[in-house]
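As structure tokens, the structure follows; a few thoughts come after it.
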Amino acid sequence: MPQGPFTSSGAAQDTSPLGALAGRLQGELLTPRGPDYDRIRHVFNAMIDRRPAAILRCAGVADVIQGVRFARAQQLPLSIHSGGHSVSGASVCQGGLMLDLSRMKGIRVDPARRAAQAQTGLLLREFDHETQAFGLATTLGVISVTGIAGLTLGGGLGWLNGKYGLSCDNVLAADIVTADGDFLTASPAEHEDLYWALRGGGGNFGVVTSLTYQLHPVSTVLAGGLVFPAEQARAALRFYYEFSSGAPDELSTSASVGRDAEGRPVVSIAACYCGPLHEGELTLQPLRNFGKPVEGEFRPLPYLAFQRAHDAGAPAGRQHYWKSSYLKDITDGAIEALLEFAATSPSPYTGIGFQQMTGAASRVDPRATAFAHRDRHYDFLIVSQWEDTADSDRNIAWTRRCFEAMSPYLQAAVYVNNLGGTEQERVRAAYGVNYDRLASVKARYDPENVFRLNHNIAPAAAT
Ligand SMILES: Cc1cc2nc3c(=O)[nH]c(=O)nc-3n(C[C@H](O)[C@H](O)[C@H](O)COP(=O)(O)OP(=O)(O)OC[C@H]3O[C@@H](n4cnc5c(N)ncnc54)[C@H](O)[C@@H]3O)c2cc1C
16 MPQGPFTSSG AAQDTSPLGA LAGRLQGELL TPRGPDYDRI RHVFNAMIDR RPAAILRCAG
76 VADVIQGVRF ARAQQLPLSI HSGGHSVSGA SVCQGGLMLD LSRMKGIRVD PARRAAQAQT
136 GLLLREFDHE TQAFGLATTL GVISVTGIAG LTLGGGLGWL NGKYGLSCDN VLAADIVTAD
196 GDFLTASPAE HEDLYWALRG GGGNFGVVTS LTYQLHPVST VLAGGLVFPA EQARAALRFY
256 YEFSSGAPDE LSTSASVGRD AEGRPVVSIA ACYCGPLHEG ELTLQPLRNF GKPVEGEFRP
316 LPYLAFQRAH DAGAPAGRQH YWKSSYLKDI TDGAIEALLE FAATSPSPYT GIGFQQMTGA
376 ASRVDPRATA FAHRDRHYDF LIVSQWEDTA DSDRNIAWTR RCFEAMSPYL QAAVYVNNLG
436 GTEQERVRAA YGVNYDRLAS VKARYDPENV FRLNHNIAPA AAT
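Using this note's numbering, the letters of the sequence shown correspond one by one to residues 16 to 478.
So, in structure tokens, the structure goes:
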């Protein structure tokens, strides 16, 4: 029988291609029969059940280079796993090599330069833990167990976006292993086209092994949330739209609609003010004075505590199916459609949310980085989550109907990090005006589309 990359030679010294790869690594190579294989291939979204032929748990850049060269030589599908938090689950491949960077957690904070160079296996909470020791932070997402890598490469929307821009706006440099197994640093001074593409173009260009971020002074924030009952749901959403429309850069907000135990829609409004606390108190006063919330408060909190405050709402291991787009204005029509659907959601865990993109993030030129959707608007997201696979059809069908009902109010554009694994037809809309330039950069660094297990940008045809 001819030897494939994953057939063991059976000899004491494994001379198969896989055995040879294992001998060149500092990290581990997991095969389906090995311990940990199942644990590592299972990601945040429990709907993803793919079986890579092998998982390379990289110890560092040298292992990444070995993995990329191996997959290329053996013509194997190659997936990149950092935090494993994407809803698409593209980080796990079927039958190929899964490069797992989750053990690469080195970080060096330079307080004098207000910068941090971080390996891409870090989760948001691990990154924040280190930078907060110096009273520093950068924009990252709102669930602290997300990976910094996938989040930043797709854009990165979080509580500091109004004041400091998106995560990708704060990237000063990126180390990357390209399809040829070459190691490059992309920055304003080197490989400027790649530096541009990595700030919003997702995992299309290679394996990013570290990101250097600009940090900012952030310590105590005035933050929290309020929950409004069904009787006030409509008024709360109207108020939220008006209140968030006038928000200063220091204030970032979100709202979401869920359902209570009786199946009636309830509205939560969350906000984070990053600036002088006495000014925050004045800014939040109208929100504090509004309606009769059934629970919640706003108070001064360590930034780290607020970054972790929403984790319980999205535990790993549930089935997830999302639909998303941007929404410019929260009109009365959109509110009616939303409230009707929220009340019929088949799962008590499902939420329909608005994450506000505002201030500094909205003022960047759409072509200045690969992240095109620069406007003051809301990232609209139906987060359907449930536990039992027997309920999947019902939940997916409901999510699609809800999205359809909302579509008259939504823009065609979508945040690439919210796309599911079956929405390839929306990839152009996700990259918007930057798609063609991204395709040219792709042709330059990955002409054979080695990195295709993502929201894929086809390499531009040679002219
Ligand atoms: C509960 C939840 C909350 C979220 N909240 C936010 C939020 O507040 N703000 C926000 O902006 N986003 C948010 N997201 C979306 C999040 O940004 C994406 O899911 C992101 O892909 C997660 O990054 P990861 O490293 O964990 O992903 P992974 O699943 O590990 O990777 C996803 C993809 O990213 C690419 N990739 C990952 N690592 C690398 C690398 N080192 N080099 C090259 N490409 C790589 C690959 O294409 C990979 O398939 C949230 C997601 C979830 C599930």
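The beta-carbon is built from N, C-alpha and C at its ideal position, and this holds for glycine as well.
Nearest neighbour of residue i, chosen from the options [CA to CA]
i           : options               : result
residue 125 : 81, 214, 231 and 155  : 231
residue 274 : 249, 366, 350 and 349 : 366
residue 458 : 215, 208 and 31       : 208
residue 85  : 96, 40 and 74         : 40
residue 172 : 261, 278 and 390      : 390
residue 342 : 329, 320, 335 and 371 : 371
residue 52  : 419, 114 and 264      : 114
residue 450 : 74, 213 and 67        : 213
residue 192 : 448, 224 and 245      : 224
residue 302 : 270, 346, 80 and 142  : 270
residue 75  : 198, 421, 388 and 400 : 198
residue 282 : 297, 311 and 161      : 311
residue 456 : 409, 206 and 347      : 206
residue 448 : 463, 421 and 381      : 381
residue 221 : 67, 252 and 79        : 79
Residue i - DSSP class collapsed to helix/strand/coil
i           : result
residue 470 : coil
residue 285 : strand
residue 18  : Note that residue 18 has pLDDT 43, beneath the 50 cutoff, so the model's placement of it is unreliable and no number is given.
residue 236 : strand
residue 272 : strand
residue 378 : coil
residue 260 : helix
residue 383 : coil
residue 149 : coil
residue 227 : strand
residue 455 : helix
residue 159 : coil
residue 122 : strand
residue 43  : strand
residue 169 : helix
residue 192 : strand
residue 220 : coil
residue 421 : helix
residue 314 : strand
residue 140 : helix
residue 397 : strand
Cβ of residue i within 7 Å of any chain B Cβ
i           : result
residue 237 : Note that chain B does not occur in the displayed structure, where there is just one protein chain.
C-beta atoms of residue i and residue j nearer than 7 Å
i           : j           : result
residue 472 : residue 219 : yes
residue 396 : residue 360 : no
residue 65  : residue 102 : no
residue 189 : residue 237 : no
residue 187 : residue 147 : no
residue 333 : residue 61  : yes
residue 393 : residue 369 : yes
residue 112 : residue 69  : yes
residue 468 : residue 234 : no
residue 157 : residue 242 : no
residue 280 : residue 383 : no
residue 445 : residue 429 : yes
residue 426 : residue 159 : no
residue 248 : residue 354 : yes
residue 96  : residue 59  : no
residue 411 : residue 336 : yes
residue 470 : residue 434 : yes
Buried versus exposed, by CB contacts within 10 Å (16 or more), residue i
i           : result
residue 204 : exposed
residue 201 : buried
residue 38  : exposed
residue 452 : buried
residue 72  : buried
residue 22  : Residue placement at residue 22 is flagged as unreliable, the pLDDT there being 45, under the threshold of 50; the coordinate-derived value follows with that caveat. Exposed, since its Cβ has fewer than 16 Cβ neighbours within 10 Å.
residue 178 : buried
residue 437 : exposed
residue 461 : buried
residue 135 : buried
residue 88  : exposed
residue 292 : exposed
residue 56  : buried
residue 297 : exposed
residue 121 : exposed
residue 373 : buried
residue 17  : Residue placement at residue 17 is flagged as unreliable, the pLDDT there being 39, under the threshold of 50; a coordinate-derived value is accordingly withheld.
residue 260 : exposed
residue 304 : exposed
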